[in-house]
Structures are given as C-alpha cells and as structure tokens.
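Residue numbers (this note's numbering): 54 to 240.
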Amino acid sequence: MARIRPSVLSVIALVLVAPLLSAPPAQAAGTTYISFEDRPLRCSFDDTQPLRGHYAAAKFRGPTATGGGAVLDTCGGFGVAPRTGSRFLAFNTGGQLANGGVPRGPERISLTTRQKRVTIWVSQTGTSVGDATFRLVARRRGTVVARATRTTDTAAWVRLTVRVRRGIDAVTLSAPGEPDGCGSRTT
C-alpha cells in the first residue's frame with residue numbers, strides 16, 4: 054500500500070456574521086493557500102451561491118444541500134477587513150442565498166490530499182462583537198484526530214490551527230450557536 058504524504062493547507066479568508074476567514078502572506082513551499090480572491094465580486098448573499106467544488110485542494114460543504122458559507126467582497130459591509138485582498142467566506146444565519154439556502158455553518162472542508170496542518174483565520178463582524186467561540190475539528194477517515202478552539206470578544210482575526218502528523222482529510226468549522234461537528238454546540 055502506497056504511503057500518503059500529508060502536506061499543509063491554509064484556508065485564509067472566512068467571515069461569519071459573527072465569523073470571517075481571510076488570506077495569507079507569502080506562500081511557503083508545500084503549502085496550499087485558499088484566499089477566495091479568484092471568486093466573483095459579490096456584495097450580498099442574495100447575489101451568490103454557497104461555496105462548493107470550486108477548489109481542487111478542498112471541497113466546501115454547508116449543513117444543507119443549499120446552505121453554507123458564500124464568498125463575499127468587502128462591499129458587503131461586514132465591518133471587518135479581510136486579512137489580505139477583498140474577499141472572504143461569509144456566514145449569516147439571517148441571510149438568504151440566491152438559491153434559497155441560508156449562509157450558515159458548520160462548514161465542512163474535505164481535503165483531496167491529506168494535510169499535516171490546517172489553519173483557518175476567523176473573525177466576527179464589528180456589528181456583533183461579544184464573546185464568540187470558534188471551533189475547528191479535524192478528521193482522518195471519519196475519526197476526530199484534533200480540535201482547536203478560540204474565543205474572542207473583538208472583531209480582530211484569530212487563528213485556528215490543527216496539526217496531525219499522520220494527516221487530516223477533513224475539517225469542520227463551527228461558530229457561535231452551530232453544531233461543532235462533535236455533537237455539541239459552540240457558545
């Protein structure tokens with residue numbers, strides 16, 4: 054059996070109307086970055102669809118067939134600037150997507166190549182600042198192999214990183230009030 058050599062995935066640009074995810078600095082060798090800058094300029098949820106199979110390295114999936122995070126531009130007025138560029142993966146349980154779905158999590162990211170480390174930067178919007186807990190749950194072949202949790206009370210970006218020497222093939226990101234992928238809800 055061929056040995057799978059894990060690499061590194063860094064998703065950088067995510068916004069939830071509490072949380073956001075943003076882009077990377079310079080790309081390190083052997084690292085895959087997803088910054089969402091290649092997605093179309095959209096300012097509102099009702100003008101876009103949930104992010105799905107656009108990237109070869111990672112397949113995004115929300116909690117329903119029509120829901121999940123959608124890529125928006127800063128013109129959407131979230132009150133938090135992306136870490137780089139102008140686009141981010143956004144969530145808002147009060148919003149509605151063009152297909153009728155709701156832009157909410159948790160967001161599952163299936164990785165086409167096993168990764169040793171996954172990093173996601175998250176934030177909450179400036180208009181909904183209060184304590185927010187974000188969770189990133191890593192899995193290999195369906196089994197939870199690592200977790201990262203960060204709580205913030207500001208709109209500043211925080212980093213969630215999971216590391217597993219033998220690799221990760223999927224992660225689930227959850228935000229306040231969403232299931233965390235392990236049967237409980239974040240606070």
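Glycine included, C-beta positions come from ideal geometry on N, C-alpha and C.
Nothing here was measured: the structure is a model prediction, and the numbers come from that model.
### Task
Identify every residue that forms a DSSP beta bridge with Thr186.
Secondary-structure assignment with DSSP links Thr186 through a beta bridge to Thr204.
### Query
Do you know offhand how far Ala208's Cα is from Gly183's?
One C-alpha to the other measures close to 9 Å.
### Task
Would you tell me roughly how many angstroms separate the C-alpha atoms of Gly129 and Arg140, rounded to the nearest one?
The alpha-carbon atoms of Gly129 and Arg140 are separated by roughly 10 Å.
### Query
What residue ranges within the stretch 114 to 180 form continuous beta strand (DSSP E) runs of no fewer than 3 residues, ordered along the chain?
Listed in chain order, they are 123 to 126, 140 to 144 and 160 to 177.
### Exposure of Asn152, with buried meaning 16 or more beta-carbon neighbours within 10 Å
It counts as exposed.
### Query
First and last residue of the beta strand (DSSP E) that includes Asp100?
Run containing Asp100: none; DSSP gives neither H nor E here.
#### Entry: Distance CB(Gly120)-CB(Arg157) smaller than 7 Å
In terms of Cβ geometry, Gly120 and Arg157 form a close pair [threshold 7 Å].
### Message
Report the CB separation of Arg216 from Arg200 in whole angstroms; it is logged as a contact under 8 Å.
### Response
That pair is no contact at about 11 Å.
### Message
DSSP has Val197 in a bridge; who is on the other side?
### Response
Paired residue(s): Arg192.
### Query
Can the beta-carbon of Ala123 be found less than 7 Å from the beta-carbon of Leu150?
Cβ atoms of Ala123 and Leu150: closer than 7 Å.
### Query
By how many angstroms is the C-alpha of Thr85 removed from the C-alpha of Thr165?
Spanning the two alpha carbons is a distance of roughly 12 Å.
### Message
Tell me which residue opens and which closes the beta strand (DSSP E) that Ser227 is part of.
### Response
If you look at Ser227, you'll find it in the beta strand (DSSP E) that goes Val211 to Ser227.
### Query
Hey, Thr172 and Thr214: beta-carbon distance below 7 Å or not?
With contacts defined by Cβ atoms closer than 7 Å, Thr172 and Thr214 form a contacting pair.
### Message
One question on the structure: do Arg167 and Gly220 come within less than 7 Å of each other, judged by their Cβ atoms?
### Response
Yes; because the gap between Cβ atoms is below 7 Å, this pair is in contact.
### Task
Using alpha carbons as the reference points, say which of Ile87, Thr117, Thr127 and Thr137 lies closest to Ala109.
It is Ile87.
### Query
Closest by CA to Val211, which one among Trp174, Pro159 and Thr225?
Checked all of Trp174, Pro159 and Thr225; the closest Cα to Val211 is Trp174.
### Task
Quick one: give me the first and last residue of the beta strand (DSSP E) that Tyr86 is part of.
That run of the beta strand (DSSP E) goes Thr84 to Ile87.
### Message
In whole angstroms, give me the CA-to-CA distance for Phe89 and Lys169.
### Response
Each residue's alpha carbon lies about 22 Å from the other.
#### Entry: DSSP three-state assignment for Ala109, whether helix, strand or coil
Looking at Ala109 - three-state DSSP - the assignment turns out to be coil, as it is neither helix nor strand.
### Query
Looking at C-alpha atoms only, which residue of Ala228, Gly154 and Gly138 is the closest neighbour of Leu104?
The residue among Ala228, Gly154 and Gly138 with its C-alpha nearest the C-alpha of Leu104 is Gly154.
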